[in-house]
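Beneath this line is the structure, given in structure tokens, with notes to follow.
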Amino acid sequence: MTAQQGSLSGTRRRLQVGAWTVDAESGLLTQGETSVRVRPKVMSLLVALAERPGDLWSKAPLIARVWPDVVVSDVSLSVLVVELRKALGDNPKSPVFIETIPRRGYRLIAPVSGVEAVRTTRFALASAQDRVLLLEGENLIGRDPEAGVRIDSTLVSRHHSLIVVTGDSATIEDLGSKNGTYLNGKKLEEAELLSHGDRITLGRLAMRYRFVVVDDEATVTEASKVVPPGG
Numbered sequence: 085m086t087a088q089q090g091s092l093s094g095t096r097r098r099l100q101v102g103a104w105t106v107d108a109e110s111g112l113l114t115q116g117e118t119s120v121r122v123r124p125k126v127m128s129l130l131v132a133l134a135e136r137p138g139d140l141w142s143k144a145p146l147i148a149r150v151w152p153d154v155v156v157s158d159v160s161l162s163v164l165v166v167e168l169r170k171a172l173g174d175n176p177k178s179p180v181f182i183e184t185i186p187r188r189g190y191r192l193i194a195p196v197s198g199v200e201a202v203r204t205t206r207f208a209l210a211s212a213q214d215r216v217l218l219l220e221g222e223n224l225i226g227r228d229p230e231a232g233v234r235i236d237s238t239l240v241s242r243h244h245s246l247i248v249v250t251g252d253s254a255t256i257e258d259l260g261s262k263n264g265t266y267l268n269g270k271k272l273e274e275a276e277l278l279s280h281g282d283r284i285t286l287g288r289l290a291m292r293y294r295f296v297v298v299d300d301e302a303t304v305t306e307a308s309k310v311v312p313p314g315g
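Residue numbers (the numbering used here): 85 to 315.
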């Protein structure tokens, strides 16, 4: 039972990185007749790099951006970079996409367009199974195929709840769902402001989410742990 990033109404979830068309929703990279599907973490890395083309990402902020809910080493990031380079067909000795700056980090050197259409924010939902980046504006949570946070469970309504991101703040409200939406154990009766570490539970669904905030330095502001069912 997982959540997936679906397409939001009026939001293009594609960007162009060099000759590759990147579909952030499906994890698909396309160039002519060639298509490569990458893992969610690899896509998170590519989107992060694409948001700041030409700029250096030091390792610690990049790790915090891709793994906001767990602690990993530089080795995990290096492995992910290798996987992304392989998908893009990039040669680390003469790169046209990802350049390594020794002892410092990485930067995307390929031309990028369409990044504004992705509109990722510094907010995310994290669970034990996955992580979903939230977008500026409305993020619908539910079973609907068009939901921004799509959850494949009959315990969740098609239009279950809604997170609205406006600049540096985010709110959540229940949309009249059958089983309710709970914030830190309390059933939502009206829109509530979200804070880092807040627990979000959808009805009787065993999966719980933490609302995660990444600060302006792209580092997690505090440790985030997913509470197991019943915890």
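Every residue, glycine too, gets a C-beta built ideally from N, C-alpha and C.
Quiz item: First and last residue of the alpha helix (DSSP H) that includes GLU167?
Solution: Position 83 of the sequence shown, counting from 1, holds the residue named residue 167. Counted as a single uninterrupted DSSP element, the alpha helix (DSSP H) harbouring GLU167 occupies residues 158-172.
Quiz item: Taking C-beta to C-beta, are VAL101 and VAL166 nearer than 8 Å?
Solution: As a first step, residue 101 must be located in the sequence shown, where it is residue number 17. As a first step, residue 166 must be located in the sequence shown, where it is residue number 82. Taking a C-beta distance under 8 Å as the contact criterion, VAL101 and VAL166 do not qualify as a contact pair.
Practice problem: Using three-state DSSP, classify SER237 as helix, strand or coil. | Solution: Here the question's residue 237 lines up with position 153 in the sequence shown. DSSP, read as helix, strand or coil, puts SER237 in coil.
Quiz item: To which residues does DSSP link ILE182 through a beta bridge?
Solution: Taking the sequence shown and counting its residues from 1, one reaches residue 182 at position 98. Beta-bridge annotation (DSSP): ILE182 is paired with LEU192.
Quiz item: What is the DSSP secondary structure of GLY314, counted as helix, strand or coil?
Solution: Counting from 1 along the sequence shown, the entry for residue 314 is found at position 230. With a pLDDT of 36 at GLY314, under the threshold of 50, the modelled position of this residue cannot be trusted; read the value that follows with caution. Note: GLY314 maps to coil in three-state DSSP.
Quiz item: Of all the beta strand (DSSP E) runs that stay within the bounds of the stretch 97-139, which reach a length of 3 or more residues?
Solution: As far as the stretch 97-139 is concerned, its whole beta strand (DSSP E) runs of at least 3 residues are 98-101, 104-107, 112-115, 118-121.
Quiz item: Do you know how far the Cα of LYS271 is from the Cα of ALA201?
Solution: Counting from one through the sequence shown, the residue named residue 201 turns up at place 117. Counting from one through the sequence shown, the residue named residue 271 turns up at place 187. Note on ALA201: pLDDT 49, under 50, position unreliable in the model; the coordinate value appears next. When rounded, the distance between both Cα atoms is 34 Å.
Practice problem: Count the other CB atoms, across all protein chains shown, that sit within 10 Å of the CB of ASP247; report buried if there are 16 or more and exposed otherwise. | Solution: Indexing the sequence shown from 1 puts residue 247 at position 163. Per the sequence presented here, residue 247 reads as Ile, with Asp not at that position. Buried: at least 16 other Cβ atoms inside 10 Å.
Self-check item: Local Cβ density within 10 Å of ASP158, reported as buried at 16 or more and exposed below that
Solution: Along the sequence shown, read from residue 1 onward, the residue named residue 158 stands at position 74. It is exposed - the Cβ of ASP158 has fewer than 16 other Cβ atoms within 10 Å.
Exercise. Consult DSSP for LEU209 and reduce its assignment to one of helix, strand or coil.
Key: Within the sequence shown, the letter at position 125 stands for residue 209. Collapsing the DSSP output to three states places LEU209 in a strand.
Quiz prompt | Proximal residues to PRO137 (C-beta, below 6 Å), its chain only, five neighbours per side dropped | solution = Residue numbering aside, residue 137 sits at position 53 when the sequence shown is read from its first letter. Residues LEU192, VAL196 of the same chain have their beta carbon placed closer than 6 Å to that of PRO137, with the five preceding and five following residues left out of the count.
Practice problem: If I'm right that LEU172 touches LYS143 with Cβ under 8 Å, what's the distance once you round it to whole angstroms? | Solution: As a first step, residue 172 must be located in the sequence shown, where it is residue number 88. As a first step, residue 143 must be located in the sequence shown, where it is residue number 59. So it is not a contact: roughly 20 Å between Cβ atoms.
Self-check item: According to DSSP, residues forming a beta bridge with GLY226
Solution: As a working mapping, residue 226 is identified with position 142 in the sequence shown. For GLY226, which the question treats as bridged, DSSP gives the partners ARG234.
Quiz item: Near VAL122, which residues of its chain fall below 6 Å by C-beta distance, leaving aside the five closest residues on each side in sequence?
Solution: By one-based count along the sequence shown, residue 122 stands at place 38. Cβ within range, chain order: GLY111, ALA171.
Practice problem: Starting from the Cα of THR250, find the closest Cα among LEU219, ILE225, VAL240, PRO229 and give me that residue. | Solution: Residue numbering aside, residue 250 sits at position 166 when the sequence shown is read from its first letter. It is LEU219 whose Cα lies nearest to the Cα of THR250.
Quiz item: Between the C-alpha atoms of ARG227 and ARG188, what's the straight-line distance to the nearest angstrom?
Solution: As a first step, residue 227 must be located in the sequence shown, where it is residue number 143. As a first step, residue 188 must be located in the sequence shown, where it is residue number 104. Each residue's Cα considered, the two are about 42 Å apart.
Self-check item: Closest by C-alpha distance to PHE181, when choosing among LEU133, SER128, ALA254
Solution: As a working note, residue 181 is residue 97 in the sequence shown. Checked all of LEU133, SER128, ALA254; the closest Cα to PHE181 is LEU133.
Quiz item: Alpha carbon to alpha carbon, what distance is there between ASN175 and LYS262?
Solution: Position 178 of the sequence shown, counting from 1, holds the residue named residue 262. Position 91 of the sequence shown, counting from 1, holds the residue named residue 175. Straight through space, the alpha carbons of ASN175 and LYS262 are spaced by roughly 52 Å.
Quiz item: Across which residues does DSSP place ALA254 in a beta bridge pair?
Solution: Stepping through the sequence shown from its first residue, residue 254 is reached at position 170. Residue pairing for ALA254: DSSP places it in a beta bridge opposite VAL249.
Quiz item: Roughly how far, in whole angstroms, is the beta-carbon of ASP236 from the beta-carbon of SER245, given that I think they are within contact range, below 8 Å?
Solution: For this step, residue 236 is matched to residue 152 along the sequence shown. For this step, residue 245 is matched to residue 161 along the sequence shown. That belief does not hold up - the Cβ atoms of ASP236 and SER245 are roughly 16 Å apart, past 8 Å.
Practice problem: Use the C-beta contact count for ALA231: other C-beta atoms within 10 angstroms, 16 or more gives buried, fewer gives exposed. | Solution: Counted from its first residue, the sequence shown places residue 231 at position 147. With 16 or more other Cβ atoms within 10 Å, it is buried.
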